[in-house]
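K.L.:
First, the structure itself, so that you have it in front of you.
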Amino acid sequence: MIFEIKWMIGTVIVLLMNFQNTDGATKVIFSGCSKNGFSCITKPNKNIALTYTCPNGMNDVSIYINDFASPINTESLKIENCNILTISTSCTAARKSMHTLHIVNIKKLIFVKVTQDPMLPATVLVENVSYIDSIPEKTFQQINKATYPRGCFQQTNDFQNISFKNVTINTVEPSAFIATNNFKNFSFSNVKINHIRADAIKLKLDLSGTCEVRNSTIKLMEYLAMVTTAKTIIFTGNYFAEILPNGIGGTFENFYFIKNVVETLQAHALSLLGTNIFILDNKFSHLRGNALEKLSPGLLQYSGHSFGKLKFIYDFSKNELNFVDAAALHPDYVSYENVQTDMMFSRNKFLCTCENLAWMFSPLSHGPDGVQLEDFYKMILDESYANTCSTPAGKSCKVPLKSVTHLIKCGKCLKNVTLESICDGIDGFEEKNQSETTTDSFDVSSEAILPGEMQTHQNKSLDSSAGVGKRFITYVNVFGLIAIWYALQ
């Protein structure tokens, strides 16, 4: 009798817990299709696509996605149009294997920090969320079957895909995203993040998977904020305020860093090992010393060929760079020299001041491998690679990067020579050359000519004209002597 009373009391408590408010939020329980905000679509395979739309007047709701009394054959859950939504992903004993969770059109989304392992559908989509204060530890984590807690159902579909689109996040906490078992796809699109903490995102994707961050804003990436192993990693159209050392790390086959804006890239901020690296069309406000030094050749998986027979690509082109600290431009050049590499460092634009780039002309400033790096910096200055100075305001000239040498004398910066004065000399010379037409005028290449070089060219032209005059006088004298000789005969 006592046992029965305890059982009844326990049952009542459980039922009350299912309907109580937690921190002011109304806990949602499925009570049937077309009831209390739920709608259902039965698919040909008899599975149910479930949608929950927050009712008008219900401001704050919470859903425990593995414990809201949904039908056992629920294939997907869509939660939409809520002011404040609290989500818990904690595992339960319920024998359910939901395939997709779609959260869309939410003003404020709260993730409950799980006390044990989470249980997630194979695919999670988070879209059009105005604000998430924090993504706590283990929120998006694959099941560790070796240590999975007792009492939790092990679903057949492992967590494999996640997509955030049009979402604002304050902080991504350490270990918020942990997926190291053949994950499929990771995507951030138009996501605004204030702070990604250390060790926040750890991913290991299978060979068909892609990791991409597009058109997003990330203010601060801490040490090891995002570490990814994938065939393809893409960062494009993003804004980064600051990336700390080893902030972006990974092993890959193809890495694309294209059309991003980076305010500060700290030393070793990009710590990457891969086959092909493309860093194109970006704007860097400040590259700290050794910012790119940990970009190295490597393999995603064993190829069966000796390392020396493989070919790697490193392409750093069409970027705009403002402040560049000493030794900030080279990758792991010593390693690249030991393998077959198509290396390009071309068509980049620099803020050319003596204070900013004078270090480039001193091997001692290139770092501990200064001797080996000498060839790399010669390549940068080679005019055939078309690295140039950013054109000063109101100017139209094209000044090659090596022009910075004209701002230096005896190891000191000249105060009376500026990029503007060099530019004026180039523009003035080109205008003069176009207005003059002479048979012995020298050719002007498409490359810019510095004021000092311009005088040298002019002297050569004068010498050439003088040579023609001397030859003409010589010819006249010879014919005159011949005429005199005939007259004397």
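According to mature numbering (1 follows the signal peptide of the UniProt record, and there is no 0), the sequence shown holds residues -24 to -1, 1 to 465 in order. Quick reminder that beta carbons are idealized off the backbone N, C-alpha and C, glycines included. Bear in mind the structure is a predicted one, so any value in this text is a computation, not a measurement.
Determine the contact status of Ile177 and Ala201, defining contact as a CB-CB distance below 8 Å.
P.N.:
yes
K.L.:
For Phe228, write down the residues that DSSP places opposite it in a beta bridge.
P.N.:
Ala206, Gly250
K.L.:
By the three-class DSSP mapping on this structure, what secondary structure does Glu269 have?
P.N.:
coil
K.L.:
Reducing DSSP to helix, strand and coil, say where His171 ends up.
P.N.:
The answer is strand: DSSP assigns His171 an E or B state.
K.L.:
Restricting to Cα atoms, I'd like to know which of Lys388, Leu383, Gly387, Cys389 is closest to Ile398.
P.N.:
Leu383
K.L.:
Once you ignore the five residues that flank Ile210 on each side, which residues in its own chain have a CB closer than 6 Å to its CB?
P.N.:
Glu188, Tyr232
K.L.:
Which residues mark the beginning and the end of the alpha helix (DSSP H) in which Glu359 is found?
P.N.:
Where Glu359 is concerned, there is no enclosing alpha helix (DSSP H), given that its DSSP letter is neither H nor E.
K.L.:
Given a threshold of 16 other Cβ atoms within 10 Å of its Cβ, counted over all protein chains shown, does Gly387 qualify as buried or as exposed?
P.N.:
Within 10 angstroms of the beta-carbon of Gly387 lie fewer than 16 other beta-carbons, which makes it exposed.
K.L.:
According to DSSP, Val37 sits in a beta bridge with which residue or residues?
P.N.:
Thr2, Leu61
K.L.:
Quickly, what does DSSP pair Phe87 with across the bridge? List them, please.
P.N.:
Beta bridge pairing from DSSP links Phe87 with Ile63.
K.L.:
Which residues mark the beginning and the end of the beta strand (DSSP E) in which Tyr142 is found?
P.N.:
The sequence given here places Asn at residue 142; Tyr does not occur at that position. Membership of Asn142 in the beta strand (DSSP E) is indicated by the continuous run 137 to 148.
K.L.:
Going by beta carbon distance, what residues of the same chain come within less than 7 Å of Leu220, once the five residues before and after it are set aside?
P.N.:
Met197, Glu198, Tyr199, Gln242, Ala245
K.L.:
Write down every uninterrupted run of the beta strand (DSSP E) in the stretch 280 to 307 whose length is 3 residues or greater and which is fully enclosed by it, in chain order.
P.N.:
Listed in chain order, the beta strand (DSSP E) elements of length 3 or more contained wholly in the stretch 280 to 307 are 287 to 293, 296 to 300.
K.L.:
Please report the distance separating the alpha-carbon of Asn35 from that of Asn158.
P.N.:
If you take the alpha carbons of Asn35 and Asn158, they lie about 39 Å apart.
K.L.:
Taking buried to mean at least 16 other C-beta atoms within 10 Å of its own C-beta, is Gln316 buried or exposed?
P.N.:
Flag for Gln316 reads exposed.
K.L.:
Report buried or exposed for Asp351, applying the criterion of at least 16 other Cβ atoms within 10 angstroms of its Cβ.
P.N.:
exposed
K.L.:
Determine whether the beta carbon atoms of Asp308 and Glu269 lie at a separation below 8 Å.
P.N.:
yes
K.L.:
Closest to Gly250 by C-alpha separation, out of Lys287, Lys325, Gln131, Ser272, would be which residue?
P.N.:
Ser272
K.L.:
Expressed to the nearest angstrom, what Euclidean distance is found between the alpha-carbon atoms of Glu103 and Leu327?
P.N.:
40 Å
K.L.:
Looking at the structure shown, is Ala334 part of a helix, part of a strand, or coil, going by DSSP?
P.N.:
helix
K.L.:
Answer with buried or exposed for Glu396, where buried requires no fewer than 16 other C-beta atoms within 10 angstroms of its C-beta.
P.N.:
exposed
K.L.:
Which two residues bound the contiguous beta strand (DSSP E) that contains Glu239?
P.N.:
237 to 241
K.L.:
Just the Cα atoms here: how many angstroms apart are Gly(-1) and Thr62?
P.N.:
11 Å
K.L.:
For Asn59, does the count of other Cβ atoms within 10 angstroms reach 16, so buried, or fall short, so exposed?
P.N.:
exposed
K.L.:
Assign Ile138 to buried or exposed, taking buried as 16 or more other Cβ atoms, counted over all protein chains shown, within 10 Å of its Cβ.
P.N.:
buried
K.L.:
Alpha carbon to alpha carbon, how far is Glu113 from Ala369?
P.N.:
49 Å
K.L.:
Helix, strand or coil for Val375 per DSSP?
P.N.:
coil
K.L.:
Is any heavy atom in the ligand FAD found nearer than 7 Å to the beta carbon of Tyr309?
P.N.:
Of the ligands one can find in the structure shown there are none, so the ligand FAD has no counterpart to examine.
K.L.:
Apart from the five residues on each side of it in sequence, which residues of its chain come closer than 6 Å, Cβ to Cβ, to Asp257?
P.N.:
So the qualifying residues of the chain are Ile234, Lys235, Lys294.
K.L.:
Just how far apart, CA to CA, sit Leu349 and Asn266?
P.N.:
Taking the straight line from one Cα to the other gives about 12 Å.
K.L.:
Consult DSSP for Val310 and reduce its assignment to one of helix, strand or coil.
P.N.:
helix
K.L.:
Is any beta-carbon of chain E found at less than 8 Å from that of Asp291?
P.N.:
Absence of chain E from the displayed structure is noted, only one protein chain being present.
K.L.:
What is the DSSP secondary structure of Thr381, counted as helix, strand or coil?
P.N.:
helix
K.L.:
Tell me the rounded alpha-carbon separation between Cys16 and Pro31.
P.N.:
16 Å
K.L.:
So what's Cys399 in DSSP terms, helix, strand or just coil?
P.N.:
Cys399 falls in the helix class under three-state DSSP.
K.L.:
Give the DSSP bridge partners of Ser15, in chain order.
P.N.:
Thr27
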